[in-house]
Amino acid sequence: MSGDPSPQAGVRPVPASIDARLAPVLALDGPTASGKGTIAQRVAAALGWHYLDSGALYRLTALAALRAGVPFDDAEGLARLAAALPVDFTADGRIVLGGADVTDAIRDEAVGNGASRLAVHAGVRAALLGLQRGFRRPPGLVADGRDMGTVVFPDATLKVFLTASAESRADRRHKQLIEKGISANLPGLLQDLRERDARDASRSVAPLAQAEGAHVLDSTSLSIDETVEKVLELWTAQG
Ligand code: DC
């Protein structure tokens, strides 16, 4: 996904005059490398809705922590960083942190790992909650992450839990990295992905979990187009 335009491009918190709760939310949760980002962006484009990549906010916090030398076990220091992220989602699709373009830097595997590690802290999650909810605005929001349907938007109109086998997710991630000219090792990626799954699913605060009423969609043997189609079918069926 590196190099893709910023999903949040041009989106700003909702003006006070708009009741954001009126905007429907389609929550798309799932494990790492399940294709959520691509699927969610395509669904948002098809519906003409806004899109929130909540993982980008955890990644931004991780990058800021790495640059400021804040360790991933310093819960308070990380929460302070998350609460005051000097981030800007520019209209031309870039993500700027403290004046530097970090659109590609946050996609680094080390940053993704750091994001998974700092995401266990309740203070960090609380600090990012308001920021995430600020993306909800008419005509609607497609939000992708781990806890969109359980914690951030529990009143989402449609909740989808997108998954795929660990092997196929590692394989997809491997291909993405190779296409970008980044050398990658498949067994290492698979092991890393399993560790990340375990950490994201076992943390005590807002773990990766299927929300009540979520539709489970296994994309192991589906193409991107087919998966997008299935999500749109669920939305239509929902009325
Ligand atoms: O979706 P992603 O790979 O960009 O997310 C990076 C990490 O951020 C993920 O391993 C866990 C954390 N995360 C989270 O805890 N809650 C979210 N809603 C999104 C991401």
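So in my numbering the end of the sequence shown lands on 964, straight run, no missing numbers.
Just so it is clear, CB atoms sit at the ideal spot from N, CA and C, and this is done for glycine as well.
None of the values given here were measured: they were computed from a predicted structure.
Beta-bridge pairing of residue 776 - partner residues as DSSP gives them = In the DSSP output, where bridge partners are listed per residue, residue 776 has 867.
| Residues near residue 873 by beta carbon distance below 6 Å, same chain, minus five either side | Contacts found: 752 and 754.
Quiz item: Based on the DSSP secondary-structure assignment, which residues constitute the bridge partners of residue 826?
Solution: BP columns for residue 826 point to 821.
(Q) For a test of your reading of the model: does the CB of residue 748 fall under 6 Å from any non-hydrogen atom of ligand 1? Yes or no. (A) Residue 748: no, Cβ never under 6 Å from ligand 1.
Notebook entry, point to check: Within 10 angstroms of its Cβ, does residue 944 collect 16 or more other Cβ (buried), or is it exposed?
Noted result: Around the CB of residue 944, 16 or more other CB atoms lie within 10 Å, so the residue is classed as buried.
- Of all the options 798, 796 and 757, which has the alpha carbon lying nearest to the alpha carbon of residue 780? Here the closest residue by C-alpha is 757.
>> Since residue 848 and residue 748 should fall inside the 8 Å C-beta cutoff, what is the C-beta to C-beta distance between them, to a whole number of angstroms?
In response: The Cβ separation is near 28 Å, so there is no contact.
Review point. From residue 810 to residue 789, what does the alpha carbon distance come to, in whole angstroms?
Key: The alpha-carbon separation between residue 810 and residue 789 amounts to approximately 8 Å.
- Query: Using the beta-carbon count (16 or more within 10 Å), is residue 961 buried or exposed?
  - Reply: That one is exposed.
Open item on the list: With a threshold of 8 Å, are at least 3 pairs of Cβ atoms found where one atom belongs to the segment 839 to 848 and the other to the segment 790 to 802?
Closed with: Pairwise C-beta distances place the segment 839 to 848 in contact with the segment 790 to 802, as three or more of them are shorter than 8 Å.
_Whole angstroms are fine: how far does the CA of residue 917 sit from the CA of residue 890?_
Distance between the alpha carbons of residue 890 and residue 917 is about 14 Å.
**Report entry** Distance between residue 930 and residue 879 (C-alpha atoms, nearest Å)
**Finding:** Near 15 Å, if we compare the C-alpha coordinates of residue 930 and residue 879.
With distances taken from CA atoms, which of 905, 805, 947 and 910 is nearest residue 832? Nearest in C-alpha terms to residue 832, of all of 905, 805, 947 and 910, is 905.
Requested in this report: Ignoring anything shorter than 3 residues or poking outside the segment 842 to 919, list the beta strand (DSSP E) runs there in chain order.
Outcome: DSSP runs (the beta strand (DSSP E)) wholly in the segment 842 to 919: 866 to 870 and 883 to 888.
**Prompt:** Can the beta-carbon of residue 883 be found closer than 7 Å to that of residue 766?
**Reply:** Between residue 883 and residue 766, the C-beta spacing is not below 7 Å.
In chain order, what residues of the same chain lie with their CB nearer than 8 Å to the CB of residue 803, ignoring the 5 residues before and after it? Around residue 803, the same chain offers 786, 790, 795, 797, 843, 846, 848 and 849 as residues with beta carbons nearer than 8 Å, after the five sequence neighbours per side are excluded.
### Message
Quick check on DSSP: helix, strand or coil for residue 771?
### Response
Residue state for residue 771 is assigned as helix, using DSSP reduced to three classes.
Under the criterion of a Cβ to heavy atom distance below 6 Å, does residue 871 qualify as lining ligand 1? Checking the 6 Å criterion, the Cβ of residue 871 is within range of a heavy atom belonging to ligand 1.
Notebook entry, point to check: When you compare each of 959, 948, 925 and 928 to residue 941 by their alpha carbons, which one comes out closest?
Noted result: The residue with the shortest Cα to Cα distance from residue 941 is 959.
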